[in-house]
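Asks:
In this note's numbering, the protein residues as written are 300 to 537.
Structure, rendered in structure tokens:
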């Protein structure tokens, strides 16, 4: 019995002495989390226009046929400008009925209503000097809808990679300053996270009514494209 009690006390003492060592091993190290960012501006050399026609008719067939006529001419005009077929594609097509709300009677405004057909093309221009010409050519053959105009850059992918490099360097510089200010030594990078990158295409401005009765060349003012990147780095501190 005495030997058994002595053995239990010995094991308890060993376990107690081992606890600080276990606690010290399990303690997490000190880390520093820093976010770096970068923004680059590029000269726009691409433009994407969404344009087309909205037509009305007493029947779907009537509105559709007029839309087909106009859009066939619009596509032909785009091709005359030298725009490749693969740079012209349908982006939206929809049909809806619009009641005549000028009529008080619910039944009558349905009878007097019309069907609307909208067909829009997304046209990519690899020469931004053609933007005005494309809008003018489309409007002259009946296009009456320009829903968007976005300027972009063909160098966005390359710029995105450079922006990421710059963002990492920005994070490193911030981490170095913070570690020094805290009286610590900056250790290794133990985690890298990228935040969702995005490139801001610039929407061009139409300086006048594109579809006025007497259309001159449409003035278009292009802008730069901004590429952004952000990363989060986690450093160990010593």
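Glycine is no exception: its CB is placed at the ideal position from the N, C-alpha and C atoms.
Looking only at its chain, what residues have a beta carbon closer than 8 Å to the beta carbon of residue 424, apart from the 5 residues adjacent to it on each side?
Replies: Correct list, in chain order: 345, 346, 347, 348, 382, 386, 430 and 433.
Asks: Mapping DSSP to helix, strand and coil, what is residue 471?
Replies: Looking at residue 471 - three-state DSSP - the assignment turns out to be helix.
Asks: Would residue 489 be called buried (16 or more neighbouring beta carbons within 10 Å of its own) or exposed?
Replies: Residue 489 is exposed by the Cβ-count criterion.
Asks: Between residue 530 and residue 356, which are expected to be in contact by the criterion C-beta below 8 Å, what is the C-beta distance as a whole number of angstroms?
Replies: No, residue 530 and residue 356 are not in contact; Cβ-Cβ is about 55 Å, not under 8 Å.
Asks: Give the secondary structure of residue 427 by DSSP, where H, G and I count as helix, E and B as strand, and everything else as coil.
Replies: Correct three-state label for residue 427: helix.
Asks: Grab the span of the alpha helix (DSSP H) containing residue 366 for me, first residue to last.
Replies: Per DSSP, residue 366 belongs to the alpha helix (DSSP H) from 359 to 379.
Asks: Tell me whether residue 332 sits in a helix, a strand or coil according to DSSP, three-state version.
Replies: If DSSP states are grouped into helix, strand and coil, residue 332 belongs with the strands.
Asks: Just to confirm my understanding: we take residue 444, look at its own chain, exclude 5 residues before and 5 after, and list those with CB closer than 8 Å. What are they?
Replies: Cβ neighbours of residue 444 beyond the five flanking positions: 350, 351, 352, 353, 417 and 419.
Asks: I'd like to confirm the pairing. Which residues does DSSP put opposite residue 482 in its beta bridges?
Replies: According to DSSP, residue 482 bridges with nothing at all.
Asks: Nearest by alpha-carbon distance to residue 422: which of 412, 414 and 448 is it?
Replies: For the residues 412, 414 and 448, the minimum Cα distance to residue 422 belongs to 448.
Asks: Count the other CB atoms, across all protein chains shown, that sit within 10 Å of the CB of residue 333; report buried if there are 16 or more and exposed otherwise.
Replies: Burial call: buried.
Asks: Does DSSP put residue 382 in a helix, in a strand, or in coil?
Replies: The answer is coil: DSSP assigns residue 382 none of H, G, I, E or B.
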